[in-house]
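In this text, residue positions in the first sequence follow this note's numbering: the first is 14, and each later residue adds one.
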Amino acid sequence: MTDPIAAGGPAPDAPWWVLHVDLDQFLAAVEVLRRPELAGRPVVVGGDGDPLRARQVVSTASYEARVFGVHSGMPLRSAARKCPDAVFLPVDRPVYEAASEEVMRTLRGFPVEVEVWGWDEAFVGARTRDPDALARAIRQAVLDRTQLSCAVGIGDTKLTAKTATGFAKPGGVATLTRPEWLTVMGAKPTDAIWGIGSRIAARLHALEIDTVAELAGADWDRLAGAFGPRTGPWIASLGRGGADTEVSSTPWVAKGRSRETTYPADLVDRDEIAAEVRTLAEQVTRDVVAEQRIVTRVALKLRTAAFFTRTRISKLPEPTVDPAVVAARAVELLEKFPLDRPVRLLGVRVELAPPEEPADPD
DNA sequence: TCTGGGGTCCTAGGACCC
DNA sequence: TCTGGGGTCCTAGGACCC
14 MTDPIAAGGP APDAPWWVLH VDLDQFLAAV EVLRRPELAG RPVVVGGDGD
64 PLRARQVVST ASYEARVFGV HSGMPLRSAA RKCPDAVFLP VDRPVYEAAS
114 EEVMRTLRGF PVEVEVWGWD EAFVGARTRD PDALARAIRQ AVLDRTQLSC
164 AVGIGDTKLT AKTATGFAKP GGVATLTRPE WLTVMGAKPT DAIWGIGSRI
214 AARLHALEID TVAELAGADW DRLAGAFGPR TGPWIASLGR GGADTEVSST
264 PWVAKGRSRE TTYPADLVDR DEIAAEVRTL AEQVTRDVVA EQRIVTRVAL
314 KLRTAAFFTR TRISKLPEPT VDPAVVAARA VELLEKFPLD RPVRLLGVRV
364 ELAPPEEPAD PD
């Protein structure tokens, strides 16, 4: 029952632990909170909430909906087919942002480092002799303050902590450390590792590396040769439970911002395409100017009806905050595309100058 | 199942300069 | 003058994640 952190603050000479906090079915849970009558019902959040409209996908499904095989990334129409009785709701970003902020504030109430990883996730770093008590205290505090349930993974690296969370879901606490890593993960396929997706798994397979244990035993130079000087060693370290133990409360600073739209019907008219590009460019510029940031590069993304995606990017002669300048450059980039195919998606991304250092008062 | 939107980091290759 | 090597900047694309 002793909880050195909750009871007496941080323990400077205690071991460093990495905790991973992951909110359960976050979007759906927030929606149920604001509409208590939905409790216990299958809830699907995605797109504009219209399950009949094409080209929209599920953002989050409640556990009641997951039972029917509904999961994130699935087209909304498929979800509707699998679970016709589900309640379909539109994505409401400001509400999730506010709920997320409340959760993160709760975490920061502990004497720990808090590194936010999106709306529904954070890493927590702490020196403590009782990480399990800390994890349970965090879970309880989040539940008390926000009525939201989370799972907490405890580890000695970000990777082990994140992996432990998978075993803790929903709403529990689990621990995994590097000494136990191979016992628990060794027999699993390489893409069970956070950071290794289907493409890298396929390339590893070509090297006759199929399991986590095989990856752990793989030759580093061979991996560096196959994947490059940074990616190779990084993949090798993942096979052993990862090496990243750093958790930092330093606020995240965006390097870029983007706005993109998949259109319900393909665009074919050049002027219409240009007008949409202009709109996206002006929007994203307003977004970043509101955050007092300055645009240095402009990228245009275009996806055809056949799902062929290409990007063109260019650096501005000088940084700008002028939506018209960004829009003009984005439209210029459009000329680099043949525009001989129907367009399904357009996106404008801006890259940003590092924020100004706060002025020295002296 | 016809496939969203918003991010990050890494690699590779060409241009250009010394 | 027919040929090298290194460094930096820039763009395109790949891969991953939530």
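Beta carbons are placed, not taken as given, at the ideal position from N, Cα and C, and that holds for glycine.
By DSSP, does Gly396 sit in helix, in strand, or in coil? No information on residue 396 is available, as it lies outside the stretch 14 to 375 that the chain covers here.
Ends of the beta strand (DSSP E) at Ile151? The residue labelled residue 151 in the question sits at position 138 within the first sequence. That residue, Ile151, is in no beta strand (DSSP E); its alpha helix (DSSP H) goes Pro144 to Thr159.
Could you check whether Arg342 and Arg316 sit closer than 8 angstroms to each other, using their CB atoms as the reference points? For the purposes of this step, residue 316 is taken as residue 303 along the first sequence, with counting starting at 1. For the purposes of this step, residue 342 is taken as residue 329 along the first sequence, with counting starting at 1. A distance of 8 angstroms or more separates the beta carbons of Arg316 and Arg342.
Collapsed DSSP secondary structure at Pro202 in the structure displayed: Along the first sequence, one-based indexing puts residue 202 at 189. Note: Pro202 maps to strand in three-state DSSP.
Nearest-angstrom Cα distance between Gln296 and Lys268? In the first sequence, residue 296 corresponds to position 283, counting from 1. In the first sequence, residue 268 corresponds to position 255, counting from 1. Roughly 17 angstroms between the two C-alpha positions.
Thinking just about the alpha-carbon of each residue, which of Gly252, Lys314 and Arg253 is nearest to the one in Thr275? Taking the first sequence and counting its residues from 1, one reaches residue 275 at position 262. Among Gly252, Lys314 and Arg253, the Cα nearest to that of Thr275 is on Lys314.
Suppose contacts are defined by Cβ-Cβ distances below 8 angstroms. Is Asp35 in contact with Asp133 by that definition? What you label residue 35 is simply residue 22 of the first sequence in a count that begins at 1. What you label residue 133 is simply residue 120 of the first sequence in a count that begins at 1. Remark: C-beta atoms of Asp35 and Asp133 approach each other more closely than 8 angstroms.
From Pro242, Val339, Asp37 and Ala239, residue whose alpha carbon lies closest to that of Ala287: Taking the first residue of the first sequence as 1, we reach residue 287 at position 274. A check of alpha carbon separations from Ala287 across Pro242, Val339, Asp37 and Ala239 identifies Val339 as the nearest.
CA-CA distance, Asp282 and Thr292? Here residue 282 refers to the residue found at position 269 when the first sequence is read from its first residue. Here residue 292 refers to the residue found at position 279 when the first sequence is read from its first residue. Distance between the alpha carbons of Asp282 and Thr292 is about 15 angstroms.
If we ignore side chains and look at the alpha-carbon of each, how far apart do Pro200 and Ala226 end up? On the first sequence, position 187 is the one that residue 200 refers to. On the first sequence, position 213 is the one that residue 226 refers to. Before going further, note that residue 200 is Ala rather than Pro in the sequence given. If you take the alpha carbons of Ala200 and Ala226, they lie about 6 angstroms apart.
Does DSSP put Asp300 in a helix, in a strand, or in coil? Looking up residue 300 in the first sequence gives position 287. Here Asp300 sits in helix by DSSP.
What is the rounded straight-line gap between the Cα of Met87 and the Cα of Val71? In the first sequence, residue 87 corresponds to position 74, counting from 1. In the first sequence, residue 71 corresponds to position 58, counting from 1. The alpha-carbon of Met87 is positioned some 5 angstroms away from that of Val71.
Are the CB atoms of Val57 and Ala99 within a distance shorter than 8 angstroms? For the purposes of this step, residue 99 is taken as the residue at position 86 of the first sequence. For the purposes of this step, residue 57 is taken as the residue at position 44 of the first sequence. Contact: yes.
Within a Cβ cutoff of 6 angstroms, which residues of the same chain sit near Leu236, ignoring the five residues on either side of it in sequence? What you label residue 236 is simply residue 223 of the first sequence in a count that begins at 1. Excluding sequence neighbours, Leu236 sits near Gly245, Ile248 and Ala249.
Beta-carbon spacing of Val290, Val363 below 8 angstroms: Counting from one through the first sequence, the residue named residue 290 turns up at place 277. Counting from one through the first sequence, the residue named residue 363 turns up at place 350. Contact flag unset, no.
Report back the beta-carbon spacing between Asp61 and Pro103 to the nearest angstrom; my notes put them in contact at under 8 angstroms. Start at 1 with the first residue of the first sequence, and residue 61 comes out as number 48. Start at 1 with the first residue of the first sequence, and residue 103 comes out as number 90. Sure, about 5 angstroms apart at Cβ, within 8 angstroms.
Between which two residues does the beta strand (DSSP E) harbouring Arg140 extend? Walking along the first sequence from the start, residue 140 turns up at place 127. Residues Glu134 to Arg140.
Supposed close pair Thr119, Ala148 - CB separation, criterion 8 angstroms: Here residue 119 refers to the residue found at position 106 when the first sequence is read from its first residue. Here residue 148 refers to the residue found at position 135 when the first sequence is read from its first residue. In this structure Thr119 does not touch Ala148 by the C-beta definition: roughly 14 angstroms separates them, more than the 8 angstroms allowed.
Report yes if the C-beta distance between Leu359 and Glu259 is below 8 angstroms; otherwise report no. The residue given as residue 359 occupies position 346 in the first sequence. The residue given as residue 259 occupies position 246 in the first sequence. Cβ distance not < 8 angstroms, so Leu359 and Glu259 don't count as in contact.
From what residue to what residue does the beta strand (DSSP E) around Glu126 run? For the purposes of this step, residue 126 is taken as residue 113 along the first sequence, with counting starting at 1. Under the DSSP assignment, Glu126 falls in the beta strand (DSSP E) whose first and last residues are Glu126 to Val129.
Could you check which residue in Thr322, Trp29 and Arg66 has the C-alpha nearest to that of Arg140? By one-based count along the first sequence, residue 140 stands at place 127. The candidate whose alpha carbon is nearest that of Arg140 is Trp29.
Determine the DSSP secondary structure at Leu228, reduced to helix, strand or coil. Looking up residue 228 in the first sequence gives position 215. DSSP, reduced to helix, strand and coil, places Leu228 within a helical segment of the structure shown.
Which residues in the same chain as Leu352 place their Cβ atom closer than 8 angstroms to its Cβ, once the five residues preceding and following it in sequence are excluded? If you number the first sequence from 1, residue 352 lands on position 339. For Leu352, same chain residues with a beta-carbon under 8 angstroms away, outside a window of 5 residues either side, are Arg283 and Ile286 in chain order.
Apply the 10 Å Cβ neighbour rule to Trp265 and answer buried if 16 or more other Cβ atoms are within range, or exposed otherwise. In the first sequence, residue 265 corresponds to position 252, counting from 1. Using a 10 angstroms sphere on the CB of Trp265, the tally of other CB atoms stays under 16, which defines it as exposed.
Distance, Val43 Cα to Leu51 Cα: In the first sequence, residue 51 corresponds to position 38, counting from 1. In the first sequence, residue 43 corresponds to position 30, counting from 1. Approximately 11 angstroms, taken between the alpha carbons.
Hey, how far is the Cα of Val186 from the Cα of Val165? Counting from one through the first sequence, the residue named residue 186 turns up at place 173. Counting from one through the first sequence, the residue named residue 165 turns up at place 152. Val186 and Val165 have their C-alpha atoms roughly 5 angstroms apart.
Quickly, what does DSSP pair Cys96 with across the bridge? List them, please. As a first step, residue 96 is located in the first sequence; it is residue number 83 there, counting from the start. None; Cys96 has no bridge partner.
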